[in-house]
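Enquirer: The structure under discussion is supplied below as structure tokens; questions concerning it will follow.
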Amino acid sequence: MSKQYDILYIQQYLEGKLSAKDMHQLELDALEDELLNDAIEGFRLSKDINHKQLSLLQQRLESRIEAQQVEKNSFYFTAQRLTVASVAGVMFIVIGVLFWMISSSQKSNSATAESQINMEVQLQDKANAALVSGSLMPKDGWVNLNDYLSVNGGKIGKGEEVLLQFDVKDNRPENIRILSSTDQQVSQELIRLLREGPLWEGESGELKIKF
Amino acid sequence: MKINKKNESAVQEAAWLNEFYENGDLEVLGKLYEPYMFLIFGLCLKYLKDTSKSEDAVMQIFESLIKKLRVHRVENFKAWLYTVARNHCLMQLRATGKQPEVSLDESFMESEAFLHPDSSENDHEEQLQKMENCIEQLNEEQKICVRLFYLEEKCYKEISEITNYSMNQVKSYIQNGKRNLKICMDKNV
Numbered sequence: 004m005s006k007q008y009d010i011l012y013i014q015q016y017l018e019g020k021l022s023a024k025d026m027h028q029l030e031l032d033a034l035e036d037e038l039l040n041d042a043i044e045g046f047r048l049s050k051d052i053n054h055k056q057l058s059l060l061q062q063r064l065e066s067r068i069e070a071q072q073v074e075k076n077s078f079y080f081t082a083q084r085l086t087v088a089s090v091a092g093v094m095f096i097v098i099g100v101l102f103w104m105i106s107s108s109q110k111s112n113s114a115t116a117e118s119q120i121n122m123e124v125q126l127q128d129k130a131n132a133a134l135v136s137g138s139l140m141p142k143d144g145w146v147n148l149n150d151y152l153s154v155n156g157g158k159i160g161k162g163e164e165v166l167l168q169f170d171v172k173d174n175r176p177e178n179i180r181i182l183s184s185t186d187q188q189v190s191q192e193l194i195r196l197l198r199e200g201p202l203w204e205g206e207s208g209e210l211k212i213k214f
Numbered sequence: 120m121k122i123n124k125k126n127e128s129a130v131q132e133a134a135w136l137n138e139f140y141e142n143g144d145l146e147v148l149g150k151l152y153e154p155y156m157f158l159i160f161g162l163c164l165k166y167l168k169d170t171s172k173s174e175d176a177v178m179q180i181f182e183s184l185i186k187k188l189r190v191h192r193v194e195n196f197k198a199w200l201y202t203v204a205r206n207h208c209l210m211q212l213r214a215t216g217k218q219p220e221v222s223l224d225e226s227f228m229e230s231e232a233f234l235h236p237d238s239s240e241n242d243h244e245e246q247l248q249k250m251e252n253c254i255e256q257l258n259e260e261q262k263i264c265v266r267l268f269y270l271e272e273k274c275y276k277e278i279s280e281i282t283n284y285s286m287n288q289v290k291s292y293i294q295n296g297k298r299n300l301k302i303c304m305d306k307n308v
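Chains as they are written, first to last, in the numbering used here: chain G, 4 to 214; chain S, 120 to 308.
Structure (structure tokens):
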């Protein structure tokens, strides 16, 4: 209501320069408007107020607003900015997790590849049977015999070397004789393997088996 | 015309207030505050009775608006601003150990209903009759001053010349008379 009044008008009122009707109107408004009422009283109490002081105050307000404008840009977080920031944060985390998942699955892939290589190495590292003398011949070939010994001879340690003789009857090894061996258990295991193992051709002979 | 202007400025004020809530732009708050600045200055002069202290207070009040508006949802900016500004001055007085010389009950004199009674004709008649009765119940000084001010629409200066009371006396008779009238009117409703 008091917006239409300014300091000059109020000064004129206080100096008694307004018409009786205008003064009455201002007084009527002041009775309804505490702020206007208090302001008029304040101006009445201090006689030396002029509008220059007010324009100085306005300048102070303006420079205050400009100062805050700079500050605001760095400090004032609106809800919008916070939303953008939190979305960016969530995206960052999701992308981070994705990258982690991808890289860790790559790692496990490479781990299986490595174990596959190890398997191959182990298989390459297989037993080797060779004929020393006589007429012995595995029915399915030496390569298959070696594979059988490698796969089933897990109990026999690496580096064992056994020299043995046997006869063949009905394609089965018989009368297996150990000629030289480092270990009794290895000999027993090898005899078992040969008895249960692949079929043979020939009559008799001497074999050297390396693990 | 005056009512239009008042509504217009109130609408503009509400728009600015919303804008400030949305973006926290001090320029908008400045637009809101500036029209009231001289009134706030006057109010501070009334309480603090010191020009430079009042100038500082005007800026301090602006600062406190920034903080308070981030917390409070304000509907009526002007009424809220008045409370904030007045409390600021009273706090400052309390801090310096001075008691305000202004009686506090002055601020309870508001009564829109008293000056703007309900519109219907019958009601209006009734209200006028009731007000007439209530004016009769006022003491002599208040009765004279209230009649001259509200019914004959004289200004304080004229009333002072007619009655030989000082301007301050006239003002206080009218303020107190108005308050008593409001009490009387409310009692008889």
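Note that the Cβ used here is the ideal one computed from N, Cα and C, for glycine as well.
Work out the CA separation of Gly-160(G) and Glu-199(G) for me, nearest whole Å.
Expert: Rounded to the nearest angstrom, the two C-alpha atoms are 20 Å apart.
Enquirer: If we ignore side chains and look at the alpha-carbon of each, how far apart do Leu-200(S) and Leu-101(G) end up?
Expert: Cα to Cα, the separation comes out at about 53 Å.
Enquirer: Select from the segment 265-279 of chain S all residues with a C-beta closer than 7 Å to any C-beta belonging to chain G, and list them in chain order.
Expert: Per Cβ criterion, the list reads Glu-272, Lys-273, Cys-274, Tyr-275, Lys-276 and Glu-277.
Enquirer: Determine which residues of the segment 157-188 of chain S have a Cβ less than 7 Å from any Cβ of chain G, and write them out in chain order.
Expert: The residues in question are Phe-157, Leu-158, Phe-160, Gly-161, Leu-162, Cys-163, Leu-164, Lys-165, Lys-168, Thr-170, Glu-174, Val-177, Met-178 and Phe-181.
Enquirer: Assess, as a yes-or-no matter, whether the segment 164-177 of chain G is touched by the segment 129-145 of chain S under the definition of 3 or more beta carbon pairs within less than 8 Å.
Expert: Too few Cβ pairs lie closer than 8 Å, so no.
Enquirer: Tell me which same chain residues have a C-beta within less than 8 Å of the C-beta of Lys-290(S), skipping the five on either side of it?
Expert: Answer for Lys-290(S): Tyr-275, listed in chain order.
Enquirer: Quick one: measure Cβ to Cβ for Leu-148(S) and Ile-180(S), integer angstroms, because I've assumed they're closer than 8 Å.
Expert: That belief does not hold up - the Cβ atoms of Leu-148(S) and Ile-180(S) are roughly 12 Å apart, past 8 Å.
Enquirer: In whole angstroms, what is the alpha-carbon distance linking Glu-244(S) and Asn-252(S)?
Expert: Answer to the nearest angstrom: the Cα atoms are 13 Å apart.
Enquirer: Considering only the alpha carbon of each residue, which of Glu-194(S), Ile-263(S), Ile-159(S) and Thr-215(S) lies closest to Leu-57(G)?
Expert: The residue with the shortest Cα to Cα distance from Leu-57(G) is Ile-159(S).
Enquirer: Mind pulling the chain S residues with CB within less than 8 Å of Leu-48(G)?
Expert: What Leu-48(G) touches in chain S: Leu-164, Lys-165 and Lys-168.
Enquirer: What residues in its chain sit with their C-beta under 6 Å from that of Ser-138(G), if we drop five residues either side in the sequence?
Expert: Closer than 6 Å at the Cβ level, and outside the excluded window around Ser-138(G), lie Gly-205, Glu-206 and Gly-208.
Enquirer: If contact means a Cβ-Cβ distance below 7 Å, which residues of the segment 83-116 of chain G contact chain S?
Expert: The segment 83-116 of chain G vs chain S, Cβ under 7 Å: nothing.
Enquirer: Could you have a look at Phe-214(G) and say whether DSSP puts it in helix, strand or coil?
Expert: Residue state, collapsed to three classes: coil.
Enquirer: Using a Cβ-Cβ cut-off of less than 8 Å, give me the residues of the segment 186-216 of chain S that come near chain G, in sequence order.
Expert: Within the segment 186-216 of chain S, the qualifying residues are Lys-197, Leu-200, Tyr-201, Ala-204 and Arg-205.
Enquirer: With a threshold of 16 other CB atoms inside 10 Å of the CB of Asp-305(S), please say whether the residue is buried or exposed.
Expert: So Asp-305(S) counts as exposed.
Enquirer: Val-146(G): buried (16+ other C-beta within 10 angstroms of its C-beta) or exposed?
Expert: When all chains shown are included, Val-146(G) counts as exposed.
Enquirer: Ignore the nearest five residues each way along the sequence and tell me which others in Ile-10(G)'s own chain have a CB closer than 7 Å to its CB.
Expert: Within the same chain, Ile-10(G) has close Cβ partners His-54 and Leu-57.
Enquirer: Grab me the residues of Lys-273(S)'s own chain with a C-beta within less than 6 Å of its C-beta, minus the 5 sequence neighbours each way, in chain order.
Expert: Cβ neighbours of Lys-273(S) beyond the five flanking positions: Leu-267.
Enquirer: Over the uninterrupted alpha helix (DSSP H) stretch that includes Gly-149(S), give me the two end residues.
Expert: Here the alpha helix (DSSP H) through Gly-149(S) covers 145-167.
Enquirer: Report, in whole angstroms, the separation of the C-beta atoms of Leu-164(S) and Ser-173(S), which I expect to be a contact under 8 Å.
Expert: Right, their Cβ atoms sit about 5 Å apart.
Enquirer: Is the shortest distance between the beta-carbon of Gln-62(G) and the beta-carbons of chain S less than 8 Å?
Expert: Output row for Gln-62(G): interface = no.
Enquirer: Excluding five sequence neighbours on each side, which residues of the same chain lie with their C-beta closer than 7 Å to the C-beta of Pro-201(G)?
Expert: So the list reads Pro-141, Lys-142, Asp-143, Asn-147, Leu-148 and Tyr-151, once near-sequence residues are dropped.
Enquirer: In terms of residue numbering, what span does the beta strand (DSSP E) encompassing Ala-214(S) cover?
Expert: Taken as a continuous stretch (DSSP letters only), Ala-214(S) belongs to no beta strand (DSSP E), being part of the alpha helix (DSSP H) at 196-215.
Enquirer: Helix, strand or coil for Ile-159(G), going by three-state DSSP, please let me know.
Expert: In the structure shown, Ile-159(G) sits in coil (DSSP, three-state: anything other than H, G, I, E or B).
Enquirer: For the candidate residues Gln-188(G), Trp-203(G), Ser-183(G) and Phe-95(G), whose alpha-carbon lies nearest to that of Ile-212(G)?
Expert: For Ile-212(G), the nearest C-alpha among the options comes from Ser-183(G).
Enquirer: Could you tell me if Gly-156(G) is buried or exposed, where buried requires 16 or more neighbouring beta carbons within 10 angstroms of its beta carbon?
Expert: By the 10 Å Cβ count, Gly-156(G) comes out buried.
Enquirer: Give a yes or no on whether 8 Å exceeds the smallest Cβ distance from Gly-149(S) to chain G.
Expert: Chain G contact via Cβ: present.
Enquirer: Please identify, using Cβ separations under 7 Å, the residues of the segment 240-253 of chain S that lie next to chain G, in order along the chain.
Expert: Hits within the stretch: zero.
Enquirer: If you follow the alpha helix (DSSP H) that Ala-132(G) is in, where does it begin and where does it stop?
Expert: That residue, Ala-132(G), is in no alpha helix (DSSP H); its beta strand (DSSP E) goes 131-141.
Enquirer: For the alpha helix (DSSP H) that Lys-273(S) lies in, which residues bound it at each end?
Expert: Here Lys-273(S) belongs to no alpha helix (DSSP H), and DSSP marks it neither H nor E.
Enquirer: Where do the ends of the beta strand (DSSP E) carrying Val-165(G) lie?
Expert: Counting along the chain, the beta strand (DSSP E) containing Val-165(G) begins and ends at 164-172.
Enquirer: Please classify Asp-186(G): is it buried, with 16 or more other beta-carbons within 10 angstroms of its beta-carbon, or exposed?
Expert: Exposed, because fewer than 16 other Cβ atoms sit within 10 Å of the Cβ of Asp-186(G).
Enquirer: Cβ closer than 8 Å: which chain G residues qualify as neighbours of Glu-153(S)?
Expert: In chain order: Gln-61 and Leu-64.
Enquirer: With H, G and I counted as helix, E and B as strand and the rest as coil, what does DSSP make of Glu-35(G)?
Expert: In this structure, Glu-35(G) counts as helix in the three-state DSSP scheme.
Enquirer: Could you round the C-beta distance between Arg-67(G) and Met-156(S) to whole angstroms and report it? I think they count as a contact, below 8 Å.
Expert: Their Cβ separation, rounded to whole angstroms, is 12 Å, which puts Arg-67(G) and Met-156(S) out of contact at 8 Å.
Enquirer: Using alpha carbons as the reference points, say which of Ile-181(G), Glu-37(G), Gly-162(G) and Ile-98(G) lies closest to Lys-197(S).
Expert: Here the closest residue by C-alpha is Glu-37(G).
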